[in-house]
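Counting from 1, position 52 in the sequence shown corresponds to residue 813 in my numbering; the numbering is continuous, with no gaps.
Every residue gets a Cβ at the ideal spot worked out from N, C-alpha and C, and that includes glycine.
No experiment lies behind these values; they were computed from the predicted model shown.
Below is one structure, written out as structure tokens; the observations come after it.
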Amino acid sequence: MSIHPERGPGNTTGHRPEHAVKAWISGFGVGVPRGATAPGPESLEAAAEGLTPPLVVKAYGPGLLHKSDAGAVRLGLGSAGGAARAAADMLASLRARGISPEGFLVEEQVEPGVEVIVGAVRDPAFGPVLLAGLGGVWTEVLRDTALRLCPITEDDARAMLDGLRGRALLEGFRGRPPIDRDALVKVLLAVGGPDGIVAELGDRLTEFELNPVICGPSGAVAVDARLLSTDDDRAAAPPPPRTPGDFDRLFAPRGVAVVGASTKKPNFGNMFLGFYRAAGFAGRLVAVHPTAPDIDGVPCVPSLAEAARDHDVDYALVAVPAARCPEVVREAAGIPFVQVMSGGFREMGEAALEDDLLAAAREAGVRLLGPNCMGVYSPAGGQTFLGGAPGRPGRIALISQSGGLAGEVVKVGERRGLAFSKVATVGNSADVTPADLLAYLAGDDGTGAIGLYLEDPRDGRGLAAALRSVRAARKPVVALVGGRSGQGRRAAASHTGGMISDSRVWSALAEQTGVTLVTSQDDLIGALDLLDLHSARRAPGTNEVLVIGPSGGASVLAADVFDGAGLELAGLPAPARTALRELGLGAGSSLANPLEIPVGPRGDPGLVRRAVTAILAHRPYADVVTHVNAQSFFTFGDSAEPLLAYTRAVGALQEELPDTRITLVIRNAECAPPGVEDAVRELARSSGVPVYRSMEAAAVAVTAGKRSAHGTA
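Put into structure tokens, the structure is as follows:
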């Protein structure tokens, strides 16, 4: 079988013989054993002449994808003649099972070492994904692997190896020498790097696997190689060109047209007309109706085409039955953005109808938001999909595939003091994708932090590229991903395919782009709060955290929480402990991190300020988490003033420390009288201090802050 340099080994779709794959990958610098092939046992002895024992014999052909399981491998053969006899025995055994091999591969057996798996599969959303981990049988037993999206960098390759639980085996264990890590990194780059095997295969890749790669002190050798691919060289038809769109107009339209409002029975169209009126939309607002002069006091035009011609409309909201949406969108030529609120498309199994809708948008030259989405919210630009007056404009953006969840994040977030710049719900993302909006927000001067709620990225490669551009713009991103715990992908033919799942791909994306993944809506809001308030601080991205507050038990639990989040409660240096004793601390408690100090209705509210200042003079913690027990203030006192005084002291501390992030945790806040928690939150946030109800919530937010400082926690 010939080798096609541009196309990979072989010229048939499916599984390639191992020897052909090895010959091909050796051209990328991957070390493979010396070997030869023979059509049958009778010619194998001659083929093996010149190879140095011990030898390995393998059969290849249809039905032999997993050779060990089929009994198609013999190891430790002492001579060429012994290899030929092993091949004859193997042939008889395989034929008895109904398997007829195409031939036999004989190779020099590689010296024992640490076995590593290196593989790649094509993810439906994100494209090629590289996997590395402990190989051989350990792949299935330990499942100790790391993933990255291709192409990888050298830093990615080294981080993958550092992330393995069994990395001690690579570094030398119980007197064994360490492996040649540089050689293994070269293998990873040869497979998943910018000019590697995966890049060469392009869209033809299905699965590729080296298992095991045997690693020793002086190199790395791939002793088994599998490739499943297609040699279909026909390029996929490019998608129709899209109108780029001025996304400024999406978030600040001069005029809005609503299609679907009724003169007889109030519906979603009427609801949105009411939303825009309640928000005080300053632009031109029109309803589209064939006969009515106005609806709910909003003037009507007979068609969307007329709205486009005469009314400076930049945004049309379509709320009509799904079957009518394509014809309505075709009338929108001249309107930059059309949002289809209606459901009943791909999410309901109607893929053809969604394709027709997208074609209509292309014909009209408009950008389509949705379908199956609620729309856009931008207090500064007048956009809204929520009832009531808009919140104050801020610097937090949100992109969500769920309109309901986006509304909750906005309303709850604003209740806690957050302020939003631009919020977009994208639903099915038939046209405008999360990647499109992220790329826009990367250059938006009015946005400082970005939240995501995603279920299907639609354009995974584009999303990864957009996240990198946002990272380059130094804008932190927090993502809540729905469906990560679902059934996952069908297990593929290789071990690599079976090791890759939705959740692991998202984790790999986060590692490569610096995104913080959270697991709840509350954590999404909490992380955005900290990132917004602390965005201007130059706090270093170290993992060290200082925790300070009352109650030894709460501090012990806090240590567990922060340790579980990958954060380090580094100890206090001796000079800092001396300074704390001079403040009268340490009697009856240890001077450690977490630090216990008396805080309560009769305590000195300024003590936390003096204690933190004394500690930071000797160790510059990037993050300080202060906590109090609200219950104690109102069990042993009857006024909110001591708690407010403590909050003012924490705020003053933050104002004095521009390069330190201060976080306040109010434990047992439900024990405070009504309104007190809100007063504490408002007072703290006025000094740039975010407030949380639990150590767990604070740990998630602090981790997000640290990732934003240097990409990963």
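- Message: As an exercise, report each continuous alpha helix (DSSP H) stretch of at least 4 residues that is fully enclosed by the segment 1035 to 1086, in chain order.
- Response: The qualifying runs are 1065 to 1071.
- Message: Can you give me the C-alpha to C-alpha distance between M1109 and N1189, rounded to a whole angstrom?
- Response: Approximately 11 Å, taken between the alpha carbons.
- Message: Quick check on S1182: does DSSP put it in helix, strand or coil?
- Response: S1182 falls in the strand class under three-state DSSP.
- Task: Kindly say whether G874, judged by its beta-carbon, lies nearer than 8 Å to any beta-carbon of chain B.
- Result: No chain B is part of this structure, which consists of one protein chain only.
- Query: Which residues mark the beginning and the end of the beta strand (DSSP E) in which P889 is found?
  - Reply: P889 -> beta strand (DSSP E) spans G888 to L895.
- Message: Taking only three categories from DSSP, how would you classify A1254?
- Response: Because A1254 sits at a pLDDT of 40, beneath the cut-off of 50, its placement in the model cannot be relied upon, and the following sentence gives the value as read from the coordinates. When DSSP states are grouped into helix, strand and coil, A1254 belongs to the coil group.
- Alpha carbon to alpha carbon, how far is S1264 from L836? Give it in angstroms, no decimals. Taking the straight line from one Cα to the other gives about 38 Å.
- Determine which residues share a DSSP beta bridge with R1428 and list them. R1428 has N1390 as its beta-bridge partners, per DSSP.
- Item | Element boundaries [beta strand (DSSP E), containing G1207] | Per DSSP, G1207 belongs to no beta strand (DSSP E) and is neither H nor E.
- Alpha carbon to alpha carbon, what distance is there between Y1138 and V1187? Answer to the nearest angstrom: the Cα atoms are 12 Å apart.
- Task: Name the residue from A1150, A1196, G1143 and R1153 whose alpha carbon lies nearest to the alpha carbon of S1161.
- Result: It is A1196.
- How would you write the range of the alpha helix (DSSP H) that A986 sits in, first residue to last? Looking at the DSSP string, A986 is not in any alpha helix (DSSP H); the run it does join, the beta strand (DSSP E), is A986 to S990.
- In chain order, what residues of the same chain lie with their CB nearer than 7 Å to the CB of V984, ignoring the 5 residues before and after it? The answer, listed in chain order, is P794, V871, P973 and I975.
- So G1287 and A1462 are in contact, right, with Cβ under 8 Å, and what is the actual spacing, rounded? Indeed, because the Cβ distance is near 5 Å, the residues count as touching under 8 Å.
- State the Cα-Cα distance for the pair R1409 and A1297, rounded to the nearest angstrom. Straight-line Cα distance between these residues: approximately 21 Å.
- Measure the CB-CB distance between V949 and V875 and report whether it falls below 8 Å. Residue identity differs from the one stated: residue 949 is Leu in this sequence, not Val. V875 sits away from L949, with the two beta carbons spaced by 8 Å or more.
- Task: For N1028, count neighbouring C-beta atoms within 10 Å of its own C-beta (all shown protein chains included) and say buried if the count is 16 or more, exposed if not.
- Result: Classified as exposed, N1028 has fewer than 16 neighbouring CB atoms from the shown chains inside 10 Å of its CB.
- Message: Considering just the uninterrupted stretch of the beta strand (DSSP E) at E970, what are its terminal residues?
- Response: Run containing E970: L966 to G977, per the beta strand (DSSP E) assignment.
- Item | Given H1295 as reference, the closest of L1130, S979, R1446 and I913 once Cα atoms are compared | Of the candidates L1130, S979, R1446 and I913, the residue whose Cα lies closest to the Cα of H1295 is R1446.
- Extent of the continuous alpha helix (DSSP H) to which Q1282 belongs: That run of the alpha helix (DSSP H) goes Q1282 to L1294.
- Query: Under a three-way DSSP split, which group does P1154 fall into?
  - Reply: Looking at P1154 - three-state DSSP - the assignment turns out to be strand.
- Item | Boundaries of the alpha helix (DSSP H) in which K783 is found, first to last residue | Per DSSP, the unbroken alpha helix (DSSP H) holding K783 starts and ends at E779 to I786.
- Query: Looking at F1098 and D1075, is the spacing between their C-beta atoms short of 8 Å?
  - Reply: Contact: yes.
- Task: Return helix, strand or coil for D1399, following the three-state DSSP convention.
- Result: Looking at D1399 - three-state DSSP - the assignment turns out to be coil, as it is neither helix nor strand.
- Query: When DSSP builds the beta bridges, which residues end up paired with I1160?
  - Reply: For I1160, which the question treats as bridged, DSSP gives the partners A1185 and L1213.
- Same chain only: Cβ atoms within 6 Å of E932, ignoring 5 sequence neighbours per side: Excluding residues within five positions, the ones whose Cβ falls inside 6 Å are P939.
- Query: Can you tell which of P823, L892, P885 and V882 has its C-alpha closest to the C-alpha of E863?
  - Reply: Residue nearest to E863 within the set P823, L892, P885 and V882 is P823 (criterion: CA-CA distance).
- Residue burial classification, E970 (beta-carbon count within 10 angstroms, cutoff 16): By the Cβ-count criterion, E970 is buried, with 16 or more other Cβ atoms from all chains shown falling within 10 Å of its own Cβ.
- Query: So, are the CB atoms of L866 and Y821 less than 8 Å apart?
  - Reply: Cβ distance < 8 Å, so L866 and Y821 count as in contact.
- Query: Do you know offhand how far R995's Cα is from G957's?
  - Reply: A caution first: R995 carries a pLDDT of 42, below 50, which makes its placement in the model unreliable, though a value can still be read off. About 21 Å.
- Query: If G894 and V877 are in contact, beta carbons under 8 Å, what's the gap, nearest whole angstrom?
  - Reply: Between V877 and G894 the Cβ distance is about 7 Å, and since that is below 8 Å, they are a contact.
- Measure the CB-CB distance between A1093 and L1065 and report whether it falls below 8 Å. Between A1093 and L1065, the C-beta gap is smaller than 8 Å, which places the two residues in contact.
- Message: Taking 8 Å as the threshold (C-beta atoms), are A1240 and L1215 in contact?
- Response: Yes, the Cβ-Cβ distance between L1215 and A1240 is below 8 Å.
- What separation, rounded to the nearest whole angstrom, lies between the Cα atoms of V1373 and G1302? The alpha-carbon atoms of V1373 and G1302 are separated by roughly 19 Å.
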